[in-house]
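Have a look at the structure below before the remarks.
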Amino acid sequence: LRVRHCAQARAIENECYVVITGSVGNLPKVENLDVQYAQSSVFSPSDFAFPHDAVMAETTPNTEMIMFSDMDLEKLKLVRNEGSVTNLKDRRVDLYELKTR
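If you use the working numbering, the sequence shown corresponds to residues 1 to 101, in order.
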C-alpha cells in the first residue's frame, strides 16, 4: 500500500502516468521470495481529463493477470497546459538549479 500511495502522488505531482507492477505467487526455493503479494496498477494525474480516482487500470490483488491500459499523451499535454493544477508551470527551478562558482 505504501508503494501505491507514493506512485499515485508522483502521478499527480509530475503530471504523468505511473505504472506499478509486482510479483505474485510462490517461489519456495528462492530465498526471500518464497511468498509474494502485489497488485499492478496504472495511475494518471488527478484532473478533469482523467478518471475521477486517477486509476487508469488495476489488477485483482495477488492474482496472476495481464493488464492493458491506453495512455493518451495528448491528454497529458492538455493537462500540463490547461489543467486545474499546474505543478510543472509553478515549480521554482531556481531553488534546485545547479550553479557553479
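Glycine residues also receive a C-beta, built at the ideal position from the N, C-alpha and C atoms.
Presumed contact (8 Å Cβ cut-off) between residue i and residue j, rounded CB distance
i	j	result
residue 43	residue 11	4 Å
residue 26	residue 19	Actually they are not in contact, since the Cβ atoms of residue 26 and residue 19 sit about 24 Å apart, beyond 8 Å.
residue 57	residue 46	About 16 Å; that fails the 8 Å criterion.
N-terminal and C-terminal residue of the alpha helix (DSSP H) that residue i is part of
i	result
residue 13	2 to 13
residue 74	73 to 82
residue 90	87 to 90
Identified DSSP bridge partners for residue i
i	result
residue 32	Partner(s): none; residue 32 has no beta bridge.
residue 20	41
residue 26	35
Cβ-based burial, residue i [other Cβ within 10 Å; buried from 16]
i	result
residue 76	buried
residue 79	buried
residue 37	exposed
residue 40	buried
residue 23	exposed
residue 82	exposed
residue 17	buried
residue 15	buried
Enclosing beta strand (DSSP E) for residue i [first to last residue]
i	result
residue 57	55 to 58
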